[in-house]
Amino acid sequence: MTATDAPATTGTSHAKLQAWVDEVAALTTPDRIEWVTGSDEEWTALTNKLVEAGTFVRLDENKKPNSFYAASDPSDVARVEDRTYICSVDEKDCGPTNNWMDPEKMKDLMRGLYKGCMKGRTMYVIPFVMGHLEAEKPMFGVEITDSEYVVASMRVMARVGDKVKARIEELGDDAKYVPALHSVGAPLEDGQADVKWPCNPEKYIVQFPEERTIWSFGSGYGGNALLGKKCYSLRIASVMARDDGWLAEHMLILKLISPEQQVYYVAAAFPSACGKTNLAMLKPTIPGWKVETLGDDIAWMRFGKDGRLYAVNPEFGFFGVAPGTNEHTNPNAMSTINKGNSVFTNVALTDDGDIWWEGLENTPAHATSWKGEDWTPDSKELSSHPNSRYCTPIEQCDILADEYNDPNGVPISAILFGGRRKTTVPLVTEARDWLHGTFMGATLSSETTAAATGAVGVVRRDPMAMLPFIGYNAGDYFNHWVNLGKDADATKLPKIFYVNWFRRDDEGGFLWPGFGENSRVLKWVIERIEGKAAAIETPIGHVPTPESLDTDGLDMSDADLEQALSVDAEEWKAEIPQIEEWFAKFGDNLPTQLQVELDGLKARLGL
Ligand code: GTP
Ligand code: MN
Ligand code: MN
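Residues 1449 to 2055 (the working numbering) make up the sequence shown, in order.
This is the structure we're talking about:
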């Protein structure tokens, strides 16, 4: 069949949306067009098709019901930051931390790539909404993709389908949606057999911030291809947030319940693969404290009428790092995925139809690695890619907070910033105020991980854990943070803290046991907010006195604890030139308030 004799299975009465779909179809020439409905029958048909194509392997129904294993092309395993562009009209609006190309030039170039790129494939149109359909202003998107893997994953990660489409149609011209175009860039000639994981060596992940549109080409990997997630909910949404006075952040949201049944909501920004999903589903080790989850990756935060900052999670699923996840580190994630309805990418496949990864219990004697090779515990290579992921419905999480379903979100009491640092950064530091907290966020540093392609373990600045996700000039983004604090009632703003679970001892081991034990840090945070816990004032902020941190039953030496909490002036002095170099990038766009904060820190360090 050719594109001309293959009409769309359905269309839309929304003329503008239909015109865009027609335009894309004319350019990409798919064999078929299908509108994603979100129905169960559709899931069955899609997953059957993926199994037939060899992209999916169906897992054992008794172990992981309605779940699938996928292995990507070895070249397509992570976000590609060097191929990601913010194509603002004006280069200065993209800023020094993003790649830029003139939008018209980029479109010309990409139209060339998109031309005929869906030949031999089905073009899917996915109406979706990030956040709640019932929100005052629903945040619609429509993703066009030629990848069944993307459709299946989007169905898990976002609210999609007929209901969303009907609402867009109802709103007509008032419906604001982000058009998001994706292709794996692997057209099929007549009779050409498909590969398990089609993709293209040439990749572009492009945001057009003024138009609020996304064009993605060449990759099937989550962060590059599930366009509702990083591309929309962070890059495009951060631009919307700048213009409308809110925040789109790379943050988990959790609900903390004290033994006295006091409820607190905490948001936390850590760079990719630095512990958000783990903290979001934390199982506290201290008696009487309880954690419930609202989100593990993205928070949209707006000021409520009462002056407090309210957060919602725009997503509908978890797209979590698999390795290291187990019954000890994250029992709640394990229980969520064990209920099934999940997709596992680049983990190992066991001989009995289950999945396995490094760090999971019950190491199999033999498995098939993510590269499709034989794997045994003696193998030199890892069974699973370090950035292998599970994709699972959030509603299956046993500890999902009821407030997840509230379109207005939850009022945040504390914001944590954190990174992966072997040295220098103490377990927890409290900022003096919003501005100081903004400085902490703006200078946040972390060792790079496998979540993006490139070297691993290199210390880089990752402001607010948003380095790869700020959709505009990062200097303007800092200014936005400063201004939100300036205009708000300071007594109602969340308190800001800086945490580091990853400090090492002299032998290279982690000083702090982390995971469930991080509840001790959360408790200190809450007690600081309540004015109950002691702290030492240091040049970088307030850190706990060893006695103020609840260490009852903690298996850790006093010396290690002291080391984990210590502020070493020499280490911090060494940090200053790096911060200065970082700030210098922003020139006039750096808010003067942050320069004043840096000068204050230097003075306190005696520099
Ligand atoms: P993205 O989903 O990529 O944004 O990352 P994330 O921030 O959700 O990362 P995640 O929670 O999946 O953490 C990934 C890595 O951090 C795994 O290797 C975990 O084992 C490790 N990790 C998480 N929490 C802790 C902790 O408290 N201590 C230590 N030592 N490691 C941790
Ligand atoms: Mn993330
Ligand atoms: Mn995560």
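Glycine is no exception: its CB is placed at the ideal position from the N, C-alpha and C atoms. Model, not experiment: these values are computed from the prediction.
Closer than 7 Å to some heavy atom of ligand 1: that does not describe the Cβ of residue 1764. In this structure, the beta-carbon distance from residue 1684 to residue 1626 falls below 8 Å. Around the CB of residue 2055, fewer than 16 other CB atoms lie within 10 Å, so the residue is classed as exposed.
Distance from the CA of residue 1900 to the CA of residue 2026, rounded to the nearest whole angstrom, comes to 22 Å. Here the C-alpha atom of residue 1460 lies approximately 18 Å from the C-alpha atom of residue 1587.
Residue 1887: member of the alpha helix (DSSP H) spanning 1882-1890, first to last residue. By the CB criterion at 8 Å, residue 1663 and residue 1652 fall inside the cutoff. Bounds of the alpha helix (DSSP H) holding residue 1929 are 1922-1935. Taking 8 Å as the cut-off, the Cβ atoms of residue 1773 and residue 1797 do not count as close. Judged by their CB atoms, residue 1592 and residue 1573 are nearer to each other than the 8 Å cut-off. Here the segment 1784-1800 makes contact with the segment 1505-1525; the two share three or more CB pairs at distances below 8 Å.
Per DSSP, the beta bridge partners of residue 1575 are 1590. Burial check for residue 1564: the Cβ neighbour count within 10 Å stays below 16, so the residue is exposed.
Closest in C-alpha terms to residue 1840, from the list 1561, 1722 and 1603, comes 1603.
For residue 2004, no alpha helix (DSSP H) encloses it, and the DSSP letter there is neither H nor E.
In this structure, the C-beta of residue 1724 approaches ligand 1 to less than 7 Å from one of its heavy atoms.
Around residue 1825, the same chain offers 1811 as residues with beta carbons nearer than 6 Å, after the five sequence neighbours per side are excluded.
In this structure, DSSP gives residue 1768 an extended state, which the three-state scheme calls strand. Cβ-Cβ separation between residue 1996 and residue 1734: approximately 14 Å, too far for a contact (criterion under 8 Å).
DSSP places residue 1810 outside both helix and strand once states are collapsed to three, so it counts as coil. In the DSSP assignment, residue 1464 falls within the unbroken alpha helix (DSSP H) covering 1463-1476. Across the set 1779, 2017 and 1558, the C-alpha of 2017 shows the shortest separation from the C-alpha of residue 1987. Counting only residues of its own chain and dropping the five nearest sequence neighbours on each side, residue 1843 has no CB closer than 7 Å to any other CB. Classified as buried, residue 1749 has 16 or more neighbouring CB atoms from the shown chains inside 10 Å of its CB. By the neighbour-count definition (other C-beta atoms within 10 Å, threshold 16), residue 1741 is a buried residue. Here the distance from the Cβ of residue 1769 to the nearest heavy atom of ligand 1 is below 7 Å. In chain order, 1533, 1535 and 1654 place their CB closer than 7 Å to the CB of residue 1554, counting only its own chain and leaving out the 5 sequence neighbours on each side. Going by C-alpha positions, residue 1854 is about 44 Å away from residue 2050. Cβ contact annotation for residue 2045 (same chain, cutoff 7 Å, sequence separation greater than five): 1883, 1884 and 1887, in chain order. Taking a 10 Å sphere around the C-beta of residue 1724, we find 16 or more other C-beta atoms and assign the residue as buried. Across the structure, residue 1619 and residue 1657 are spaced so that their CA atoms are roughly 23 Å apart. Taken through DSSP and simplified to helix, strand or coil, residue 1967 comes out as helix. Judged by DSSP in its simplified three-state form, residue 1663 adopts strand. Shortest Cα-Cα distance from residue 1833 to any of 1529, 1524 and 2034 involves 1524.
One alpha carbon belongs to residue 1845, the other to residue 1505, and they sit about 24 Å apart. Contact between the segment 2024-2043 and the segment 1754-1771 is not established, with fewer than three Cβ pairs separated by less than 8 Å.
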